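Participant: The letter at position 253 of the sequence shown is residue 270 when you use my numbering, and the numbering goes up by one with no holes.
Positions of the beta carbon are idealized from the N, C-alpha and C atoms, including for glycine.
Please read these numbers as outputs of a predicted model, since none were measured by experiment.
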Amino acid sequence: MLLPKIHTGSHLARVAGKVKTAFNQSFWLDGQEIFVSCSVGIAVYPTDSEAAEELLKYADSAMYSAKRSGRNSFRFYSRDMTEHAQQRLTLEFDLRRALQRDELALHYQPKVLLASGATVGCEALLRWTHPRLGQVSPELFIPVAEDAGLINQLGAWVLRESCSTAVAWNTGATQPRKVAVNLSARQIQASGLVAQVKEIVSETRCKPQWLEFEITESLLLDEDGVAVKALQALRDMGATIAIDDFGTGYSALSYLARFPIDTLKIDKSFIHSATTDHFRAELIKAILSIARCLNQEVVAEGVETPEQADFLAAEGCQFAQGFLFSKAVPREQLLGMFGA
């Protein structure tokens with residue numbers, strides 16, 4: 018959008034605000050109502066540059082900054098955005114190469130039954146060992162993968178590896194052992210997710226009952242119903258659905274009842290102070306009570322001490338993950354420690 022007759026930042030901000038407001042309304046596409054968010058980046062001539070190509074590049078950098086701030090907002094370009102954009106482009110290039118050079122790996126953190134200490138499942142956690150940067154946090158590269166259109170390719174790789182592990186882990190097992198796979202909001206909104214899962218499950222001969230798909234609490238705010246339909250389809254296949262980091266988002270109980278949820282995973286920030294902070298302890302009890310009413314299982318994340326485990330077990334929490342039991346380990350170690 019080119020605005021040649023506007024000369025002040027306040028006027029630009031008003032225009033950007035009007036554009037953003039226009040996207041608050043729903044749109045109809047092929048008979049279906051959809052909602053679209055809007056992120057706006059602003060570069061100013063001649064303050065930021067006199068070259069059209071540079072102005073477009075700077076506006077693009079500002080737009081990505083608006084996306085990172087939570088979407089549905091606008092940002093003016095600043096010089097430090099150029100450096101950040103360059104770092105992001107480099108990371109995107111390296112991530113594309115990582116998919117081809119076997120720099121990615123999955124580690125698996127065991128999930129235990131608190132009553133007996135038996136390992137009953139695990140969560141697949143993605144690791145990227147960069148040849149120059151070392152370990153790169155998923156919190157850094159997953160948003161890059163989403164914006165670069167790599168998330169479906171990355172997600173397919175993670176699911177294929179997880180299914181392969183689930184098959185090996187369940188061979189000869191007397192009870193099903195679930196492998197939990199994290200799904201990003203972008204993956205779930207993609208139209209081909211369910212078909213992709215069916216294809217990979219068939220290809221690897223993995224039973225859907227051996228899989229659990231984890232989503233974040235923010236996905237419960239899904240307005241167009243796409244996420245609900247996708248998750249229900251996965252559940253109909255035989256997989257289960259879990260909400261990761263429960264308690265840190267803004268979802269209402271009505272959303273919780275609307276979604277096909279089997280498991281709540283209490284965020285580790287609650288667990289760490291469960292035995293020292295009365296308020297946190299009461300919140301955990303409330304979550305456990307809600308889960309019982311909705312017939313959902315509960316997993317406590319980040320359990321590090323016997324006191325935390327004892328408190329959770331006494332309050333009726335069934336499952337836990339954390340360093341008290343095991344850190345995330347490579348596939349070979351998982352199979353060796355907990356049986357193939």
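Check whether the stretch 61-78 touches the stretch 33-43, taking contact to mean three or more Cβ pairs, one atom from each stretch, closer than 8 Å.
Facilitator: Touching, no.
Participant: In the DSSP assignment, the alpha helix (DSSP H) including K128 goes from what residue to what residue?
Facilitator: Unbroken run through K128 is the beta strand (DSSP E), L121 to L130; no alpha helix (DSSP H).
Participant: If you run the structure through DSSP and keep just helix, strand and coil, what is V137?
Facilitator: Residue state, collapsed to three classes: strand.
Participant: Around the Cβ of A115, are there at least 16 other Cβ atoms within 10 angstroms (buried) or fewer (exposed)?
Facilitator: When all chains shown are included, A115 counts as buried.
Participant: Compute the distance between the beta-carbons of Q80 and S56, then report whether it is under 8 Å.
Facilitator: Sequence check: residue 80 is Met here, not Gln. Contact flag set, yes.
Participant: Quick one: any contact between the stretch 280-291 and the stretch 246-253, if contact means 3 or more CB pairs under 8 Å?
Facilitator: Contact between the stretch 280-291 and the stretch 246-253 is absent, because fewer than three Cβ pairs lie under 8 Å.
Participant: If we call anything under 8 Å between Cβ atoms a contact, is K6 one with L228?
Facilitator: Here the chain covers residues 18 to 357 and nothing more, so residue 6 does not appear.
Participant: Going by Cα to Cα distance, which pick from K74, L143, L238 and L311 is closest to L112?
Facilitator: Looking at the Cα atoms, L143 is the closest of the given residues.
Participant: Helix or strand or just coil, what does DSSP make of P347?
Facilitator: Of the three classes helix, strand and coil, the one that applies to P347 here is strand, per DSSP.
Participant: Do A173 and Q213 come within 8 Å of each other at the CB atom, strictly closer than that value?
Facilitator: Contact flag set, yes.
Participant: Could you tell me which residues DSSP puts in a beta bridge with Q49?
Facilitator: Note: Q49 sits in a beta bridge opposite L46.
Participant: Can you tell me which of the three DSSP states F40 falls into?
Facilitator: Three-state DSSP puts F40 in coil, outside helix and strand.
Participant: Whose C-beta lies closer than 8 Å to the C-beta of A39 among residues of the same chain, with five residues either side of it excluded?
Facilitator: Cβ within range, chain order: C55.
Participant: Scan the stretch 174-215 and note each continuous beta strand (DSSP E) run of 3 residues or more that stays entirely inside, going in chain order.
Facilitator: Counting whole runs of 3 or more residues, the stretch 174-215 contains the beta strand (DSSP E) stretches 195-199.
Participant: With DSSP collapsed to three states, give me the class of G166.
Facilitator: Coil, per DSSP.
Participant: Would you call the CB atoms of T221 and V184 closer than 8 Å?
Facilitator: Going by C-beta atoms, T221 is nearer than 8 Å to V184.
Participant: Grouping DSSP H, G and I as helix and E and B as strand, with all else coil, what is A330?
Facilitator: Three-state result, A330: helix.
Participant: Using 8 Å for Cβ pairs, my map puts A337 next to V320. What's the rounded Cβ distance?
Facilitator: Right, their Cβ atoms sit about 4 Å apart.
Participant: Where are the beta strand (DSSP E) runs, 3 residues long or more, that stay fully inside the stretch 250-331, in chain order?
Facilitator: DSSP runs (the beta strand (DSSP E)) wholly in the stretch 250-331: 257-263, 280-283 and 314-317.
Participant: Classify A190: buried if its beta carbon has 16 or more other beta carbons within 10 angstroms, exposed otherwise.
Facilitator: Label assigned to A190: exposed.
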